[in-house]
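Participant:
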Ligand code: AMP
Ligand code: SF4
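In the UniProt record's numbering, the protein residues as written are 1 to 474.
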């Protein structure tokens, strides 16, 4: 049970809209822009003020909404999600948004992140008679809302329920008369508010606003609950803001280069990380290449600063899903092979700098070093635009257990040897923070660094960890 729930980490993209007659169509386009955040399931729930309509299924956005299915969704308010889940979180029942119908008020929910005290809350709720339909920690919030005292207003019930959650959560919630948006007290997952004409929109990433022609208004603040209805927009706190801790991996890997998080453009941040690496390490090489797609920005930065020409040394087969999405190690290795090919004419006889955004298990780097050498590269210098990942993520990013991370308990030279590179360089946490350049003056510039340092911005509950990890959990 513990292992099962620990495995439920999700990487998702959420979207919400209120006040637009084509809520479903707009949500559909937004989901396309967020597709990189999860490829295993997609769903849209809309309301026209009287009940809800829902379409959701496993698969890509295109597949889930194939044909004229969208025409069945009519409403002026909607929420939507694309999701990635680990093996245990699979199944149509776990695809979001979740919809809970009730005579005392129905609610639909979608969530990005991971609630670290979900097991504890769930056990408590089950003891009180709640029956859960899914494995998802998102469902815990619905039960908490339902179970709060009947004398409270709906807004107070939602606030009370949210205040019981610990961890990372960016929620979009839909009732027949409102769209509600909530961000956890540390603001661990990105969530931005925008306007589309008179309608309000909210999305995990601002690239979703660009595709629908919406204007970015601001980030949703840590501990904030926003309620949007036909009377307008209302903001309040359900918890005091804690130290801001935006996920660093959003800047490093997840977010699309054309998105901005808290006013920082992702492409520019990654480019600055690449430049910084070029200042810190001098490598005699002939070409710089990046691992498509997430490392291209850092590779361009490295090339610009070092003066070593940038070349297209690796090509990605666009029609294969992200390497990491494959559920088992065996499948992952197959995925890597199918996904990337070296351009022989570029690398043959050359000393190559290969820039990647991160090393998790080491599978990708090892495979690419081999591919480049097989294609004739005389030297391969691996440059990583983030620090070594040494601790698991409990906040919804599938950075697995300590034992699977190549950098846990290994020196840089041992990792270099394992991946077969001629040299290996990482960015230090300080250099990464400076390069990303958030103006935030709070701890770590308002970023979470837990997977790089082992220092978690929230309490970690023992039920979040796998049994063998328990000892290292605070
Ligand atoms: P690995 O092969 O396990 O070392 O994974 C490293 C590759 O996965 C890098 O090329 C990254 O671009 C990518 N990556 C890093 N973090 C994640 C993550 N949390 N989910 C999916 N892919 C990731
Ligand atoms: Fe992001 Fe790492 Fe923090 Fe998880 S532990 S939220 S991946 S920075």
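Here a beta-carbon is modelled for each residue, glycine too, at the ideal position from N, C-alpha and C.
Can residue 44 be considered in contact with the ligand SF4, in the sense that its beta carbon sits closer than 8 Å to one or more heavy atoms?
Facilitator: As a working mapping, residue 44 is identified with position 44 in the chain shown. Result no, Cβ not under 8 Å from the ligand SF4.
Participant: Is residue 432 near the ligand AMP, going by C-beta to nearest heavy atom under 8 Å?
Facilitator: Your numbering for residue 432 matches position 432 in the chain shown. For the ligand AMP, not one heavy atom lies less than 8 Å from the Cβ of residue 432.
Participant: Compare the C-beta of residue 44 against all C-beta atoms of chain C and say whether one is closer than 9 Å.
Facilitator: The chain labelled as chain C is not found in the depicted structure, where only one protein chain is given.
Participant: If we count the other Cβ atoms within 10 Å of its Cβ and call it buried at 16 or more, is residue 439 buried or exposed?
Facilitator: Here the question's residue 439 lines up with position 439 in the chain shown. That one is exposed.
Participant: Using 8 Å as the Cβ pair cut-off and three pairs as the minimum, do the region 183 to 194 and the region 242 to 251 touch?
Facilitator: yes
Participant: Work out the CA separation of residue 58 and residue 13 for me, nearest whole Å.
Facilitator: Taking the first residue of the chain shown as position 1, residue 13 is located at position 13. Taking the first residue of the chain shown as position 1, residue 58 is located at position 58. Computed Cα separation, rounded: 15 Å.
Participant: Quick one: using the 10 Å Cβ neighbour count with 16 as the cut-off for buried, is residue 224 buried or exposed?
Facilitator: Along the chain shown, read from residue 1 onward, the residue named residue 224 stands at position 224. Buried, since its Cβ has 16 or more Cβ neighbours within 10 Å.
Participant: Thinking C-alpha only, which one of 160, 75, 145 and 134 is nearest residue 94?
Facilitator: Stepping through the chain shown from its first residue, residue 94 is reached at position 94. The option with the nearest alpha carbon to residue 94 is 134.
Participant: Measure from the alpha carbon of residue 304 to the alpha carbon of each residue in 239, 276 and 144, then state which is nearest.
Facilitator: In the chain shown, the residue the question calls residue 304 occupies position 304. Per the Cα distances, 276.
Participant: Give the straight-line distance between the Cα atoms of residue 169 and residue 233, rounded to the nearest whole angstrom.
Facilitator: Locating residue 169 in the chain shown gives position 169, where the first residue counts as 1. Locating residue 233 in the chain shown gives position 233, where the first residue counts as 1. Residue 169 and residue 233: Cα-Cα distance of roughly 21 Å.
Participant: Can you give me the C-alpha to C-alpha distance between residue 459 and residue 314, rounded to a whole angstrom?
Facilitator: The residue you call residue 459 lines up with position 459 of the chain shown. The residue you call residue 314 lines up with position 314 of the chain shown. Whole-angstrom Cα-Cα distance: 41 Å.
Participant: Put residue 229 into one of helix, strand or coil per three-state DSSP.
Facilitator: Counted from its first residue, the chain shown places residue 229 at position 229. In this structure, residue 229 counts as strand in the three-state DSSP scheme.
Participant: Between the region 283 to 290 and the region 257 to 272, do at least 3 Cβ pairs fall closer than 8 Å?
Facilitator: no
Participant: What does the Cβ neighbour count give for residue 107, buried or exposed, with the cut at 16 atoms within 10 Å?
Facilitator: As a first step, residue 107 must be located in the chain shown, where it is residue number 107. By the 10 Å Cβ count, residue 107 comes out buried.
Participant: To the nearest angstrom, how far is the alpha carbon of residue 182 from that of residue 341?
Facilitator: Translated into positions along the chain shown, residue 182 becomes position 182. Translated into positions along the chain shown, residue 341 becomes position 341. Going by the C-alpha atoms only, they are around 42 Å apart.
Participant: Is residue 14 near the ligand SF4, judged by its Cβ being under 8 Å from some heavy atom?
Facilitator: Numbered from 1 along the chain shown, position 14 holds the residue referred to as residue 14. Outside the cutoff, so no.
Participant: Under 8 Å: do the region 368 to 378 and the region 123 to 141 share three or more Cβ pairs, one atom per stretch?
Facilitator: no
Participant: Within the chosen definition, does the region 405 to 415 reach the region 196 to 204 through at least 3 CB pairs nearer than 8 Å?
Facilitator: no
Participant: From this set, 435, 454, 118 and 430, which residue's C-alpha is nearest residue 444's C-alpha?
Facilitator: By one-based count along the chain shown, residue 444 stands at place 444. The residue with the shortest Cα to Cα distance from residue 444 is 430.
Participant: Are the beta-carbon atoms of residue 382 and residue 356 separated by less than 9 Å?
Facilitator: Residue mapping note: residue 382 aligns to position 382 of the chain shown, counting from 1. Residue mapping note: residue 356 aligns to position 356 of the chain shown, counting from 1. For residue 382 and residue 356, yes; Cβs fall inside 9 Å.
Participant: Under 8 Å: does the beta carbon of residue 361 sit that close to some heavy atom of the ligand AMP?
Facilitator: Numbered from its first residue, the chain shown carries residue 361 at position 361. Under cutoff, so the answer is yes.
Participant: Curious, which full-length alpha helix (DSSP H) runs of at least 4 residues does the region 347 to 382 contain?
Facilitator: Complete alpha helix (DSSP H) runs here, min 4: 363 to 374.
Participant: Check whether the region 146 to 163 and the region 19 to 39 touch, using three or more Cβ-Cβ pairs below 8 Å as the test.
Facilitator: Touching, no, given that fewer than three Cβ pairs across the two stretches are closer than 8 Å.
Participant: What's the call for residue 312, buried or exposed, on a 16-neighbour Cβ count within 10 Å?
Facilitator: Within the chain shown, residue 312 is the residue found at index 312, counting from 1. Looking at its Cβ environment, which holds fewer than 16 other Cβ atoms inside 10 Å, residue 312 is exposed.
Participant: Can you list, in chain order, the residues of its chain whose CB lies under 6 Å from that of residue 122, leaving out five sequence neighbours each side?
Facilitator: Indexing the chain shown from 1 puts residue 122 at position 122. Once the five neighbours on either side are set aside, the close Cβ partners of residue 122 are 140.
Participant: What does a CB cutoff of less than 6 Å around residue 269 pick up in its chain, not counting 5 residues either side in sequence?
Facilitator: For the purposes of this step, residue 269 is identified with residue 269 of the chain shown, where counting begins at 1. So the list reads 251 and 436, once near-sequence residues are dropped.
Participant: Hey, could you find the ends of the beta strand (DSSP E) residue 154 is sitting in?
Facilitator: As a first step, residue 154 is located in the chain shown; it is residue number 154 there, counting from the start. Per DSSP, residue 154 belongs to no beta strand (DSSP E); it is in the alpha helix (DSSP H), 154 to 163.
Participant: Measure the C-alpha to C-alpha separation of residue 243 and residue 453 and round it to an integer number of angstroms.
Facilitator: Position 243 of the chain shown, counted from the first residue, corresponds to residue 243. Position 453 of the chain shown, counted from the first residue, corresponds to residue 453. So the alpha carbons of these two residues sit roughly 17 Å apart.
Participant: Residue 308 by DSSP, collapsed to three states: which one?
Facilitator: Counted from its first residue, the chain shown places residue 308 at position 308. Residue 308: coil per DSSP, three-state reduction.
Participant: Could you check if residue 231 is buried or exposed, using at least 16 other CB atoms within 10 Å of its CB as the buried criterion?
Facilitator: Counting from 1 along the chain shown, the entry for residue 231 is found at position 231. By the 10 Å Cβ count, residue 231 comes out exposed.
Participant: Just the C-alpha distance for residue 227 and residue 278, rounded to the nearest angstrom, thanks.
Facilitator: Mapped onto the chain shown, residue 227 falls at position 227. Mapped onto the chain shown, residue 278 falls at position 278. When rounded, the distance between both Cα atoms is 46 Å.
Participant: Flag this pair as yes or no: are the beta carbons of residue 78 and residue 26 separated by less than 9 Å?
Facilitator: The sequence position of residue 78 within the chain shown is 78, counting from 1. The sequence position of residue 26 within the chain shown is 26, counting from 1. Yes, these two residues count as a Cβ contact at 9 Å.
Participant: Using the C-alpha atoms, what's the distance from residue 166 back to residue 17?
Facilitator: For the purposes of this step, residue 17 is identified with residue 17 of the chain shown, where counting begins at 1. For the purposes of this step, residue 166 is identified with residue 166 of the chain shown, where counting begins at 1. Rounded to the nearest angstrom, the two C-alpha atoms are 26 Å apart.
Participant: List the endpoints of the continuous alpha helix (DSSP H) containing residue 274.
Facilitator: Residue 274 sits at position 274 when you count from the first residue of the chain shown. The continuous alpha helix (DSSP H) containing residue 274 extends over residues 266 to 280.
Participant: Tell me the DSSP secondary structure of residue 22 in three-state form.
Facilitator: Within the chain shown, the letter at position 22 stands for residue 22. The three-state reading of DSSP puts residue 22 in strand, counting E and B together.
Participant: Helix, strand or coil, according to DSSP, for residue 125 in the structure here?
Facilitator: As a working mapping, residue 125 is identified with position 125 in the chain shown. Helix at residue 125.
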